[in-house]
């Protein structure tokens, strides 16, 4: 948009040829910032001229903009070979607004006759292009020399923006060095001035100390009615049971004073929870086996003891157990009195012989039964052979011819003895025949094997 009507405003204000020593008039700046809204005819002509690149969606978006943004888009000229017409339109509007913001800060340091006193005022002046402690205005010779040395990289639009800037912003751009190799000189010029202003603002805040406090509205104080206040103050406290308490006993109280006590010299508790007593079942958790500890705190998953020791709750029964007074007193046996002790000691020796005699009496019938069983085992059984002989020799019935008695068969023991003798004789004859017969190859091999084994 500077190309379309910015040159005329620059010429009326003195333009590039005007001496830089003279301040630019405020009316010239206002003329430069005056933007006439675009008409519907101009918008439609712009759409028809760029119909090749603008589709129906982009055209509807352009028609939906306000007249000032439409002027910013139309002043950018025709769209040539673009792939994203919608992005080009939005980029033109954004860049035009940034340029307008830069022009609004021209000669802001000369707008006020007196220097600002507050940090907020100084920051506002710097952000509008005014000078701070670290900046000084650039001369016309410095600007011309910078443009001449960077003529290859500066476009006409970037050169116009640089000349329109305030002398302080011009000094900020020149102080950043040469612009060789830059592809977008307009963006480089604007970014240099912006970053320099931000650094000066940060320096101002550091040198001035803390930022000025913002006046915050007072916080409303809540007001209670008389009924609510009385109900809060005179509320009846609720009783909390010991097993539901989540607080340890007072520091001055010991376990015995706070319901805990000792049974048989060992610590016991009254409840399961805070104030109770647990016994460690194995050497773990930094404790020894059988050690009893008082619970002073409790979380969702841990029991807490003095000295920073803890035990997981889910280890109950395996790692620890609760020690209650009722269980310990029931398990403890009553001790005998002093008067009953001698009588018990006297009765114990008398009862010992009686107890010793009982097993002896019970053992006597068992010993008597043992010889009987032994005699039964020693008695020989009647041989079946005699019974068989008796049946064979029995008389025949009357009228039948008398038969000769059969000869007694040899006993099985005798048969076995005779058979064994015959077998031994047969073996001896075989051995003799083997020894007499010439040795076979098999016998030789067997003898050699025996010799090797014996050796």
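In this note's numbering, the protein residues as written are 52 to 506.
By construction, the Cβ of each residue, glycine as well, lies at the ideal position given by its N, Cα and C atoms.
Have a look at residue 199 and residue 248 and give me their C-alpha separation to the nearest angstrom.
Near 25 Å, if we compare the C-alpha coordinates of residue 248 and residue 199.
Look up residue 367 in the DSSP assignment and give the residues it is bridged to.
Note: residue 367 sits in a beta bridge opposite 371.
Below 8 Å, can you find three or more Cβ-Cβ pairs linking the stretch 196 to 215 to the stretch 224 to 241?
yes
Given residue 244, which residues of its chain have a CB within under 6 Å of its CB, disregarding the five upstream and five downstream residues?
Scanning its chain for C-beta atoms nearer than 6 Å, with the 5 sequence neighbours on each side dropped, one finds around residue 244 the residues 220, 223 and 224, in chain order.
Counting Cβ pairs closer than 8 Å, one from the stretch 280 to 293 and one from the stretch 342 to 359, do we hit at least three?
no
Using the C-alpha atoms, what's the distance from residue 140 back to residue 267?
41 Å
Roughly how many angstroms lie between the CA atoms of residue 281 and residue 356, to the nearest whole one?
If you take the alpha carbons of residue 281 and residue 356, they lie about 40 Å apart.
May I ask you to report which of helix, strand or coil DSSP gives residue 431?
In this prediction, residue 431 has a pLDDT of 49, which is less than 50 and means its spatial position is unreliable; nothing more can be read from the coordinates.
Rank 339, 342, 366 and 343 by C-alpha distance to the C-alpha of residue 352 and give the top, closest one.
366
Would residue 8 and residue 319 be called neighbours here (beta carbons separated by less than 8 Å)?
The requested residue 8 is not part of the displayed model; the chain covers only 52 to 506.
If the criterion is Cβ atoms closer than 8 Å, does the pair residue 143 and residue 114 meet it?
no
Comparing C-alpha positions only, which one of 317, 372 and 358 sits nearest to residue 380?
317
Spell out the partners DSSP gives residue 140 in its beta bridges.
Paired residues: none, contrary to the question.
Going residue by residue through the stretch 85 to 132, where are the continuous alpha helix (DSSP H) segments of at least 4 residues, counting only ones entirely within it?
91 to 100, 107 to 115 and 118 to 125
Going straight from the alpha carbon of residue 252 to that of residue 136, what length do you get?
38 Å
Which term fits residue 505, buried or exposed, when burial requires 16 or more other beta carbons within 10 angstroms of its beta carbon?
exposed
Pull up the distance between the alpha-carbon of residue 188 and that of residue 195, whole angstroms please.
14 Å
Comparing C-alpha positions only, which one of 298, 119, 134 and 130 sits nearest to residue 147?
119
Among 192, 238 and 234, which residue has its Cα nearest to the Cα of residue 218?
192
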